[in-house]
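Visitor: Residue numbers 7 to 323, in my numbering, belong to the letters of the sequence shown in order.
Every residue gets a Cβ at the ideal spot worked out from N, C-alpha and C, and that includes glycine.
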Amino acid sequence: MEKGHPLTRTSASAASSAPRLRPFRFGVVAARAASADEWLARVRRIESLGYASVVIPDNLRYTLAPLPALAAAAAVTTSLRLGTYVLANDLRHPVLLAKAAATLDLLSNGRLELGIGAGRPDSAAENQMLGLPFDSGAVRVARLAESISILKTLLAGEHVSADGTYYHSAGAEISPAPVQRPHVPLMIAGAGRQMLRLAAREADIIALGLPPDASDSVVAERIDWIRDAAGDRFADIELNVNLMAVGDRVPYQLAQRMHLNARDLAERGSVGAVSGTLDDMCEQLLQRRERLGLSYLLVSDELMDAFAPVVERLNGV
């Protein structure tokens with residue numbers, strides 16, 4: 007995009023509160039495969055379509071385990087960044103997670119983006135499978151804060167001795183070190199004020215947890231929470247959303263479980279929907295970036311071919 011394009015300019019009165027307009031980046035949420043061949047073909051396809059990343063959610067049932075699946079993806083791609091979207095903090099000790107993350111970053115030549123969160127409200131069943139309590143949101147967020155401190159320190163190549171409320175570790179260290187410095191980029195996902203304030207203080211990327219029909223005003227409120235907590239570092243945070251509708255298509259699970267369709271989401275003004283012609287969809291994303299600073303956009307692998315023309319036009323713009 008040329009300097010001075012009307013969608014990249016910000017008025018003087020709004021400059022102090024406007025989000026930084028980062029170049030667009032696009033990725034694919036992929037989670038399932040019936041075989042190694044199917045999985046490897048899919049990640050190759052994602053890279054060939056021009057997407058910047060593939061990310062995998064964290065579930066005990068139905069989906070691939072994120073870290074080994076990303077390691078396999080690293081072996082057959084060259085530029086695709088590899089993300090967890092996002093790991094449930096309760097399920098892994100931060101020292102062991104730091105070790106796994108450092109190894110994956112090394113084996114992928116520095117392409118890992120480590121996404122983590124406090125666990126979805128519906129994650130209780132998975133905690134129960136592992137014999138773990140599913141604590142209140144406040145407790146899970148506090149535990150995540152301790153975990154992040156340990157992770158970031160270890161991934162920066164430093165030693166950790168922790169004696170917190172939730173984690174205890176004496177002289178922990180990991181090697182070999184990750185490739186990326188000062189540490190592997192950290193994505194934190196959240197929806198509530200407490201979680202987003204933590205993300206604002208610690209994350210490189212914030213994944214906004216939104217209902218499928220979230221409007222501009224809903225997203226703007228969450229970004230205000232982030233801005234207030236982030237202070238001067240707000241301009242360095244990349245903001246992410248997962249698009250739920252592309253043209254006339256939505257993912258199968260959204261249609262079946264929530265009985266939503268692309269037209270409904272578009273008519274409600276959902277930030278998670280793009281509709282109309284290719285020009286229309288690109289314009290909608292440009293305007294949302296202008297208003298809200300949303301620059302890192304994900305789609306389901308079910309929608310990746312439908313969205314590919316947008317990626318081709320706006321990638322890096």
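Quick one: what's got a C-beta closer than 6 Å to Pro188's C-beta in the same chain, skipping five residues either side?
Guide: These residues qualify, in order along the chain: Ala162.
Visitor: Nearest CA to the CA of Val49: which residue from Thr69, Val82, Leu97, Ala268?
Guide: The candidate whose alpha carbon is nearest that of Val49 is Val82.
Visitor: Using DSSP with H/G/I as helix, E/B as strand and the rest coil, what is Thr283?
Guide: Coil at Thr283, not helix or strand.
Visitor: Between Gly275 and Asp222, is the Cβ-Cβ spacing less than 8 Å?
Guide: Yes, these two residues count as a Cβ contact at 8 Å.
Visitor: Looking at C-alpha atoms only, which residue of Arg269, Ile232, Ala241, Gly125 is the closest neighbour of Leu204?
Guide: When each option's Cα is compared against that of Leu204, the closest is Ile232.
Visitor: Taking the C-alpha atoms as reference points, what is the distance between Leu113 and Leu93?
Guide: Their Cα atoms are separated by approximately 19 Å.
Visitor: Helix, strand or coil for Tyr258 per DSSP?
Guide: Tyr258: helix per DSSP, three-state reduction.
Visitor: Just checking my contact of Leu271 with Pro218 at CB under 8 Å: how many whole Å lie between their CB atoms?
Guide: That belief holds up - the Cβ atoms of Leu271 and Pro218 are roughly 6 Å apart, short of 8 Å.
Visitor: Report the rounded CA-to-CA distance for Ala47 versus Gly56, giving the unit in angstroms.
Guide: For Ala47 and Gly56, the distance between alpha carbons rounds to 15 Å.
Visitor: Using 8 Å as the cut-off, can you tell me whether the region 302 to 320 makes contact with the region 244 to 264, which would need three or more C-beta pairs spanning the two stretches below that distance?
Guide: Output reads yes: the region 244 to 264 touches the region 302 to 320.
Visitor: Cα separation between Arg207 and Tyr258?
Guide: Each residue's alpha carbon lies about 35 Å from the other.
Visitor: What is the DSSP secondary structure of Asp222, reduced to helix, strand or coil?
Guide: Helix at Asp222.
Visitor: Quick check on the DSSP output: what are the complete beta strand (DSSP E) runs of length 3 or more inside the region 101 to 179, in order along the chain?
Guide: Runs found: 118 to 123, 166 to 169, 174 to 178.
Visitor: Assign Met135 to one of two classes, buried (16 or more other C-beta atoms within 10 Å of its C-beta) or exposed (fewer than that).
Guide: Flag for Met135 reads exposed.
Visitor: Since Val166 and Ser175 are thought to touch, with beta carbons under 8 Å apart, how far apart are those beta carbons, to the nearest angstrom?
Guide: Confirmed, Cβ separation roughly 6 Å.
Visitor: Measure the CB-CB distance between Thr90 and Val60 and report whether it falls below 8 Å.
Guide: It is not a contact, given that the beta carbons lie outside the stated cut-off.
Visitor: Could you say which of Thr171, Asn115, Ala79, Glu132 lies nearest to Asn65 if we only look at CA atoms?
Guide: With distances taken between Cα atoms, Asn65 lies closest to Glu132.
Visitor: Kindly indicate the opening and closing residues of the alpha helix (DSSP H) around Met310.
Guide: Here the alpha helix (DSSP H) through Met310 covers 310 to 320.
Visitor: Alpha carbon to alpha carbon, what distance is there between Gln293 and Arg15?
Guide: Caution applies to Arg15, whose pLDDT of 32 falls short of 50 and renders its modelled position unreliable; the value that the coordinates give is listed next. Taking the straight line joining both Cα atoms gives about 11 Å.
Visitor: Please return the same chain residues whose Cβ sits closer than 7 Å to the Cβ of Leu266, not counting the five positions on each side in sequence.
Guide: Here the set comprises Pro218, Val256, Leu260.
Visitor: Closer than 7 Å by C-beta to Pro12: which residues in its own chain qualify, once you throw out the five before and the five after it? Chain order, please.
Guide: Because Pro12 carries a pLDDT of 31, less than 50, the predicted location of this residue cannot be relied on, and no value is offered for it.
Visitor: Confirm, please, whether the CB-CB distance from Pro74 to Ile156 is below 8 Å.
Guide: Cβ distance not < 8 Å, so Ile156 and Pro74 don't count as in contact.
Visitor: For my contact list, Ala107 and Pro184 are in at a C-beta cut-off of 8 Å; report their separation, rounded to the angstrom.
Guide: So it is a contact: roughly 7 Å between Cβ atoms.
Visitor: For Val323, which of helix, strand or coil comes out of DSSP?
Guide: The answer is coil: DSSP assigns Val323 none of H, G, I, E or B.
Visitor: Which partner residues does Ile212 have in the DSSP bridge list?
Guide: Ile212 pairs with Ile194, Leu245.
Visitor: What is the DSSP secondary structure of Arg28, reduced to helix, strand or coil?
Guide: Note: Arg28 maps to coil in three-state DSSP.
Visitor: Can you pull the DSSP bridge partners for Val61?
Guide: The partner list for Val61 (beta bridge, DSSP) reads Val35, Gly89.
Visitor: To the nearest angstrom, how far is it from the Cα of Ile122 to the Cα of Ile194?
Guide: Spanning the two alpha carbons is a distance of roughly 5 Å.
Visitor: Who pairs with Ser306 in a beta bridge, going by DSSP?
Guide: Note: Ser306 sits in a beta bridge opposite Val35.
Visitor: Along the alpha helix (DSSP H) that carries Leu46, what are the first and last residues, could you check?
Guide: Residues 42 to 54.
Visitor: Asp270 lies in the alpha helix (DSSP H); which residues open and close that run?
Guide: Segment 268 to 273, the alpha helix (DSSP H) holding Asp270.
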